[in-house]
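Engineer:
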Amino acid sequence: MRLLLLALLLAGPAQGQTASGTYMPPSGSFVCNLKEGWTTLEERSPQGMSVHLFGPASTPGLIPPAYHIHLIQKDTPGFLDISDAVKKTRKKERFAERTPAPPQSVRYAGRSMKLFEVRERRRLPAEALPSEAAVLHHFYAFIPAGDDYFIVKLTVDEEEFEDYRQEFRGFLKGFQIIGRK
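In short: position in the sequence shown from 1, add 4, done, that's the working numbering.
(1) Please specify which runs of the beta strand (DSSP E), each continuous and at least 3 residues long, are wholly inside the segment 70-154, giving them in chain order.
(2) Should Tyr144 and Phe120 be called a contact, given that it needs their Cβ atoms to be closer than 8 Å?
(3) With Leu66 as the anchor, note down where its beta strand (DSSP E) starts and where it stops.
(4) Within this structure, are the beta carbons of Lys177 and Tyr112 separated by less than 8 Å?
(5) Give me, in chain order, the residues of the same chain whose beta-carbon lies closer than 8 Å to that of Met53; leave out the 5 immediate sequence neighbours on both sides.
(6) Smallest Cα separation from Phe179: which of Ala132, Pro81, Gly82 and Ser116?
(7) Between Arg173, Gly114, Val35 and Phe165, which has its C-alpha nearest Ile67's C-alpha?
(8) Tell me the DSSP secondary structure of Gln170 in three-state form.
(9) Near Lys92, what residues of its chain come up, given a Cβ to Cβ distance below 7 Å and the 5 sequence neighbours on each side ignored?
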């Protein structure tokens, strides 16, 4: 699954549609603010709907920033409650060296959520040659939505992660869940 997301991260901008301003995916599950030049892609995954927002590369050679927003629905196979999902996300992976920060409980836009960051060193693509070493930084938010929850992840190149910390928090402040309490 993570390899698919990284492949989408690298190939995504050519597949989606460019949007800016207020964005609502076709599923209508949330609304967020989207900066000019970002492209979008929505797809169904085994756990529910997934939306990918791909930003423009600010520096040639760096991986462009990308949001991955997953609606995890309780009635889907393999459902994990939110605390187990946080633990699983913070675990090590076979093809990556991961360093997770401790999760924090915070409130944005009237909603409680768990936030944490993960620094990750991996080879891209992981299972094919030639591959290159990449150091990524992921910002995660796990947001309860009734019996379901959203996972919002921002992936950026390690060289730019400090520039995106405030961007991520601002994005969460404008993230509104539709139709779930």
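Virtual Cβ for every residue (Gly too), placed ideally from N, Cα, C.
Structural biologist: Taking the geometry as given:
(1) Whole beta strand (DSSP E) segments, 3+ residues: 70-76, 100-104, 108-112, 115-128 and 136-149.
(2) In this structure, Phe120 lies closer than 8 Å to Tyr144 by Cβ.
(3) Neither: Leu66 is in no beta strand (DSSP E) and is coded neither H nor E.
(4) Less than 8 Å divides the Cβ of Lys177 from the Cβ of Tyr112.
(5) Here Met53 has Pro29, Ser31, Ser33, Glu46, Glu47, His74 and Leu75 as same chain residues with Cβ atoms under 8 Å from its own Cβ, once five neighbours each way along the sequence are excluded.
(6) When only C-alpha atoms are compared, the closest one is Ser116.
(7) When only C-alpha atoms are compared, the closest one is Phe165.
(8) In the structure shown, Gln170 adopts helical secondary structure according to DSSP, grouped into three states.
(9) The residues are Leu84.
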